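Written below as structure tokens is the structure these notes are about.
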Amino acid sequence: MMPLSATLASASQLHLAAPVTINASPAAGIATSGSYDIDLWGMLIAIGLVAVATIISAIAKLGVERSLPIAAARAIVQLAAMGIILRWVIEQGTWWWVVLLMLGMLAAAVQITLSRAKNVPRGLALSIFLTLAASMITMVIVVVELIVRPVPWYSPRVVLPLAGMMLGNSVSAVALALSRFFEDMAERRDEVETLLALGASPREASMTSIRSAMRMGLMPTVASLASAGIVTIPGMMAGQILAGNDPLTAAKYQFVVLAAIAALTMVSDALILHLVYGRCFTRLHQYQPIKPRSAKK
Amino acid sequence: MGNFTMDTGATPLLQVRDASCRAASSSTDDSEASIFRGIDLDVHAGQILDLVGPSGSGKSSLLTCIARLNPRANAHLTLDGVDANDMSVEQWRTRVAYLPQKSLLPGSTVKEAIVLPYTFASMHGAQRPDDQQIRDALDAVGLADVELTRDPHDLSGGQAARVSMIRSILMFPKVLLADEVDAGLDDTNAWLVGVYMADFAHRHGMALIRVRHRAPDGLADAIATLAEGRLTVEPVESSHAADASQPHDTAEPQTAQSEQAERNAQ
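Protein sequences, first through last, are from chains D and G.
Following numbering that gives the first Met the number 0, the numbering of the first sequence begins with 0 at its first residue and continues without gaps.
Following numbering that gives the first Met the number 0, the numbering of the second sequence begins with 0 at its first residue and continues without gaps.
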């Protein structure tokens, strides 16, 4: 992990350059004026936007006119629930509520990873849980306690959003890596059997697929690192600026998060693939085609 | 259950006891769904055994069973008196090498493809074949025009089959299980491959079990027939010389073998 963080550190100047030049003279007013709340009318207009999209979908017969409003309704409920819970936990200000909420997020993350990963065998829940838990805890400790250093150390306002962002990216990376790994192993079946016949261990026979899956899992992260600040103002930075923070502080936070996500993706992909590659083999190190779980939408 | 030991008196190199294999479609262990069961086989060092039988009779399954590669098969196996369970499966497979029907050659050059097994932990410390050994092997099977630096993707099917055979044989296994290595070859090259493997078997005391669909080439010491789940082994009565045009009539198998080896060594 050291060489990776070293590379990222040297890349930091590069990525910070864009926001810094854009915001060369940060207006002092922005940093102190605070955020603007959204009132009921604002929410109704937003819902109206979903309605417009739904109507267009219906006219153009895109077939998403049923799923779009349902997804939007889910989003409202889930976001509202998260907002209420977060506000409550922040008000409590006790470390065990923070830990409890993180465990709940972890459980949901396992379920979402399983539903996103296509054509993977049954019984991966424990491996996914261990992977997500280990990688999230490590990264939260590094980012929160070594980089941000809030007081108190469990400050829910810092820990929970960061943990959520880490977890979200871990979920995508792990789901992508799992799908790719098992797909690649099935495609490489003849090669895997040949390698086993030549005395390769299951690990040696899986290595090509493990590499391919890790590369696949890391691709979105590399893309987001390269485009951050030029093509997009990433979500976290946008949020902090909207909330009235100094854009340069927002940029620094954004880079820290992107750097952490890069390391996190590698760690969680390496962990999950290490835990599951054996699924393609019997106890006697023979290749066995996996039986995918019943396909989920 | 018959014991089809070749009656040579010596302890067999490879002992197969009670080999069984389930059909691919079945998940249970019931007798109807088995391809074969209760098969015993003894093979001696330097012996060449041809495995024949109708298609679908389980010849490949028996070979992969012996190589411990077949998840549907079971057998009690010993090599040189050592139980298969007393070594890692990877070690077993480097000693009892299965040469697959499909010739897949991972690697960016022919040389890389051939020394691939030596990159695995199970072959750690073994002496890699040098360029000259690889060159000689390629020349011997009609691949004199294939450079060691050639990309394996550019090989024809027949060339790839021979490179794949060389890759397995240069692991110096004690038993080579050759699954239709000559299926895609013309008669001349099939003969070269047959002679090369037979010569290697005799020089290194390697046992060779071949699944073949061609007419007998006179190199085998015994023919094993697998049909309806039963295996019957018949020694080849009159062992032919390497050159089919000069048959040896009544020579003892051992004598024929050594003459053959001498001839091939030339």
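Note that CB positions come from ideal geometry on N, CA and C, so glycine has one too.
Just so we're clear, the structure is a prediction, and the values are computed from it rather than from any experiment.
Please go through the same chain and pick out, in chain order, the residues whose beta-carbon is closer than 6 Å to the beta-carbon of Arg16 (chain G), but skip the five residues on each side of it. Along the second sequence, one-based indexing puts residue 16 (chain G) at 17. Cβ neighbours of Arg16 (chain G) beyond the five flanking positions: Asp39, His75.
Reference Gly228 (chain D), options D:Leu283, D:Thr207, D:Leu217, D:Phe254, closest by Cα: Counting from 1 along the first sequence, the entry for residue 228 (chain D) is found at position 229. When each option's Cα is compared against that of Gly228 (chain D), the closest is D:Phe254.
Does the beta-carbon distance from Met298 (chain D) to Met165 (chain D) come in below 7 Å? An answer regarding residue 298 (chain D) cannot be provided, because it is not within the stretch 0 to 296 covered by chain D.
At what residues does the beta strand (DSSP E) containing Lys186 (chain D) begin and finish? Position 187 of the first sequence, counted from the start, is the residue given in the question as residue 186 (chain D). Lys is not the amino acid found at residue 186 (chain D); the sequence shown has Glu there. Per DSSP, Glu186 (chain D) belongs to no beta strand (DSSP E); it is in the alpha helix (DSSP H), 155-186.
For Arg21 (chain G), collect the residues of the same chain with a Cβ closer than 6 Å to its Cβ; drop the 5 residues on either side in sequence, then sort them by chain order. Along the second sequence, one-based indexing puts residue 21 (chain G) at 22. Excluding residues within five positions, the ones whose Cβ falls inside 6 Å are Ala32, Ser33, Arg71.
DSSP three-state call for Tyr286 (chain D): helix, strand or coil? Looking up residue 286 (chain D) in the first sequence gives position 287. Strand.
Under 8 Å between beta-carbons, which chain D residues line up against Lys101 (chain G)? List them in chain order, please. In the second sequence, counting from the first residue as 1, residue 101 (chain G) sits at position 102. Neighbours of Lys101 (chain G) on chain D, chain order: Asp189, Thr193.
Do we get a CB-CB distance below 7 Å when we pair Phe199 (chain G) with the residues of chain D? Your numbering for residue 199 (chain G) matches position 200 in the second sequence. Answer no: the Cβ-Cβ gap between Phe199 (chain G) and chain D never drops below 7 Å.
Are the C-beta of Leu283 (chain D) and some C-beta of chain G separated by less than 7 Å? Within the first sequence, residue 283 (chain D) is the residue found at index 284, counting from 1. Taking Cβ atoms only, chain G reaches closer than 7 Å to Leu283 (chain D), which makes this a yes.
Between the C-alpha atoms of Gly243 (chain D) and Ala204 (chain D), what's the straight-line distance to the nearest angstrom? Mapped onto the first sequence, residue 243 (chain D) falls at position 244. Mapped onto the first sequence, residue 204 (chain D) falls at position 205. For Gly243 (chain D) and Ala204 (chain D), the distance between alpha carbons rounds to 53 Å.
Does the beta carbon of Pro288 (chain D) sit closer than 7 Å to a beta carbon anywhere in chain G? For the purposes of this step, residue 288 (chain D) is identified with residue 289 of the first sequence, where counting begins at 1. False, the Cβ-Cβ gap to chain G never drops below 7 Å.
Below-7 Å beta-carbon distance, Val174 (chain G) vs any chain D residue: Within the second sequence, residue 174 (chain G) is the residue found at index 175, counting from 1. With 7 Å as the cut-off, Val174 (chain G) does not count as an interface residue toward chain D.
Assuming Pro151 (chain G) and Ala143 (chain G) make a contact with CB atoms under 8 Å, what is their CB distance in whole Å? As a first step, residue 151 (chain G) must be located in the second sequence, where it is residue number 152. As a first step, residue 143 (chain G) must be located in the second sequence, where it is residue number 144. Wrong, their Cβ atoms sit about 17 Å apart, outside the cutoff.
Please go through the same chain and pick out, in chain order, the residues whose beta-carbon is closer than 6 Å to the beta-carbon of Val140 (chain G), but skip the five residues on each side of it. Position 141 of the second sequence holds residue 140 (chain G). Excluding sequence neighbours, Val140 (chain G) sits near Arg161, Leu191, Val192, Tyr195.
Tell me which residues share the same chain as Ile127 (chain D) and place their Cβ nearer than 6 Å to its Cβ, disregarding the 5 neighbours each side in the sequence. Residue 127 (chain D) sits at position 128 when you count from the first residue of the first sequence. Answer for Ile127 (chain D): Val109, Thr112, listed in chain order.
Cβ distance (whole Å) where Asn118 (chain D) is taken to contact Pro291 (chain D) below 8 Å: Position 119 of the first sequence, counted from the first residue, corresponds to residue 118 (chain D). Position 292 of the first sequence, counted from the first residue, corresponds to residue 291 (chain D). Contact holds; Cβ gap of about 4 Å.
Is Ser200 (chain D) close to chain G, meaning its C-beta is less than 7 Å from at least one C-beta of that chain? Reading the first sequence from its first residue, position 201 is the one you call residue 200 (chain D). True, the Cβ-Cβ gap to chain G drops below 7 Å.
Looking at C-alpha atoms only, which residue of D:Leu177, D:Gly234, D:Thr264, D:Pro246 is the closest neighbour of Gly277 (chain D)? Locating residue 277 (chain D) in the first sequence gives position 278, where the first residue counts as 1. Nearest C-alpha to Gly277 (chain D): D:Leu177.
Can you say whether Asn69 (chain G) is buried or exposed, counting buried as having 16 or more other CB atoms within 10 angstroms of its CB? Working through the second sequence from its first residue, we reach residue 69 (chain G) at position 70. Asn69 (chain G) is buried by the Cβ-count criterion.
Under a CB-based cut-off of 7 Å, is Ala196 (chain D) close to chain G? Along the first sequence, read from residue 1 onward, the residue named residue 196 (chain D) stands at position 197. It does; some Cβ of chain G falls within 7 Å.
State whether the stretch 150-169 of chain D contacts the stretch 88-95 of chain D, with contact taken as three or more CB pairs (one from each stretch) at a distance under 8 Å. yes
For chain D, check one thing: does any of its Cβ atoms lie closer than 7 Å to the Cβ of Arg92 (chain G)? As a working mapping, residue 92 (chain G) is identified with position 93 in the second sequence. Yes - at least one Cβ of chain D is within 7 Å of the one on Arg92 (chain G).
With DSSP run on the structure shown, which of helix, strand or coil describes Arg166 (chain G)? For the purposes of this step, residue 166 (chain G) is identified with residue 167 of the second sequence, where counting begins at 1. Note: Arg166 (chain G) maps to helix in three-state DSSP.
Residue-chain proximity (Glu203 (chain D), chain G), Cβ-Cβ < 7 Å: Here residue 203 (chain D) is taken as the residue at index 204 of the first sequence, counted from 1. With 7 Å as the cut-off, Glu203 (chain D) counts as an interface residue toward chain G.
From D:Ala74, D:Val141, D:Leu197, pick the residue whose C-alpha is nearest to that of Ala45 (chain D); which is it? Within the first sequence, residue 45 (chain D) is the residue found at index 46, counting from 1. Minimum Cα distance to Ala45 (chain D) is reached at D:Ala74.
8 Å Cβ cut-off: residues of chain D touching Phe171 (chain G): As a first step, residue 171 (chain G) must be located in the second sequence, where it is residue number 172. Within 8 Å Cβ-Cβ: nothing; Phe171 (chain G) doesn't reach chain D, min ~12 Å.
Given that a residue counts as buried once 16 or more other Cβ atoms are within 10 Å of its Cβ, and exposed if not, what is Ser238 (chain G)? Position 239 of the second sequence, counting from 1, holds the residue named residue 238 (chain G). Model confidence at Ser238 (chain G) stands at a pLDDT of 49, short of 50, so the residue's coordinates are unreliable and nothing is read from them.
If the cut is a Cβ gap below 8 Å, which residues of chain D does Pro70 (chain G) touch? Taking the second sequence and counting its residues from 1, the one referred to as residue 70 (chain G) is at position 71. Near Pro70 (chain G) (Cβ distances below 8 Å), the residues of chain D are Thr281, Leu283, Gln285, Tyr286, Gln287.
Going by Cα to Cα distance, which pick from G:Arg127, G:Val235, G:Ser107, G:Leu176 is closest to Glu146 (chain G)? To locate residue 146 (chain G), count along the second sequence from 1; it is residue 147. Taking only the C-alpha atoms, the option nearest Glu146 (chain G) is G:Ser107.
Contacting residues, own chain, Cβ-Cβ under 8 Å from Val321 (chain D) (five flanking each side not counted): What is shown of chain D runs 0 to 296, which leaves residue 321 (chain D) out entirely.
Pro53 (chain G) versus Gly183 (chain G) - alpha carbon distance: On the second sequence, residue 53 (chain G) is found 54 positions in, with the first residue counted as 1. On the second sequence, residue 183 (chain G) is found 184 positions in, with the first residue counted as 1. In a straight line, the C-alpha of Pro53 (chain G) is about 19 Å away from that of Gly183 (chain G).
Local Cβ density within 10 Å of Ile168 (chain G), reported as buried at 16 or more and exposed below that: On the second sequence, residue 168 (chain G) is found 169 positions in, with the first residue counted as 1. With 16 or more Cβ atoms within 10 Å of its Cβ, Ile168 (chain G) is classed as buried.
Taking 7 Å as the threshold (beta carbon to beta carbon), is Tyr117 (chain G) in contact with chain D? For the purposes of this step, residue 117 (chain G) is identified with residue 118 of the second sequence, where counting begins at 1. For Tyr117 (chain G), the answer is no, since every Cβ of chain D falls outside 7 Å of its Cβ.
N-terminal and C-terminal residue of the beta strand (DSSP E) that Asn73 (chain G) is part of: Walking along the second sequence from the start, residue 73 (chain G) turns up at place 74. Taken as a continuous stretch (DSSP letters only), the beta strand (DSSP E) holding Asn73 (chain G) covers 72-78.
Interface flag, Ser25 (chain G) vs chain D, CB-CB below 7 Å: Numbered from 1 along the second sequence, position 26 holds the residue referred to as residue 25 (chain G). Low confidence applies to Ser25 (chain G): its pLDDT is 49, below 50, so where it sits in the model is not reliable enough to give any reading.
Counting only runs of 4+ residues fully inside the stretch 133-214 of chain G, write out the alpha helix (DSSP H) ranges in chain order. 156-168, 186-203
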